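Residue numbers (our numbering): 4 to 115.
Beta carbons are placed, not taken as given, at the ideal position from N, Cα and C, and that holds for glycine.
Note that the structure is a prediction, hence the values are computed from the model and not measured.
A quick write-up on the structure given underneath.
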């Protein structure tokens, strides 16, 4: 499984271009397959565009400012929050499950 992260850009136009070029490259290299690729991004715009352009693919939003319910209404079918986000918002895991979203959780390593 390729976890394809798209980084936030300086504006919407650049983000749209990055999404379009990424999808084009995946198609050119025979990787445009929802069984092989999951998209993740901190950019809500990029996630919305990916969800619209790539039906059937998992698109996970990384930022903590939207609930799973809000994201589902935008067509985004996954969440990928830092573990602390679920701890601070205990209903969000159930919201994601109720909306049949994919769920991932990440941590930040600290140097000792």
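Can you find the residues in the same chain that come closer than 7 Å, C-beta to C-beta, to residue i, ignoring five residues on each side of it along the sequence?
i	result
residue 62	42, 50, 53, 54, 79, 80 and 81
residue 6	41 and 43
residue 72	98 and 102
residue 29	35 and 40
residue 4	39 and 41
residue 105	61, 63, 80 and 81
Just the C-alpha distance for residue i and residue j, rounded to the nearest angstrom, thanks.
i	j	result
residue 2	residue 92	With the chain covering only 4 through 115, there is no way to say anything about residue 2.
residue 27	residue 58	15 Å
residue 33	residue 90	39 Å
residue 48	residue 18	7 Å
residue 108	residue 11	19 Å
residue 23	residue 37	16 Å
residue 15	residue 114	35 Å
Whose C-beta lies closer than 6 Å to the C-beta of residue i among residues of the same chain, with five residues either side of it excluded?
i	result
residue 66	45
residue 77	51
residue 69	none
residue 8	43
With DSSP as the reference, please indicate the residues paired to residue i in a beta bridge.
i	result
residue 41	6 and 61
residue 107	83
Step through the CB atoms of chain C and report whether any lies within less than 9 Å of the CB of residue i.
i	result
residue 68	No chain C is part of this structure, which consists of one protein chain only.
For residue i, which residues in the same chain have their Cβ closer than 8 Å to its Cβ, ignoring the five residues on either side in sequence?
i	result
residue 88	67 and 95
residue 111	85
Under the assumption that residue i contacts residue j (Cβ atoms under 8 Å), give the Cβ distance between them as a whole number of angstroms.
i	j	result
residue 84	residue 74	Not quite, the Cβ-Cβ distance comes to about 11 Å (not below 8 Å), so this is no contact.
Report the residue ranges of all alpha helix (DSSP H) runs contained in full by the region 50-95; include only those spanning at least 4 residues, in chain order. 71-76 and 86-91
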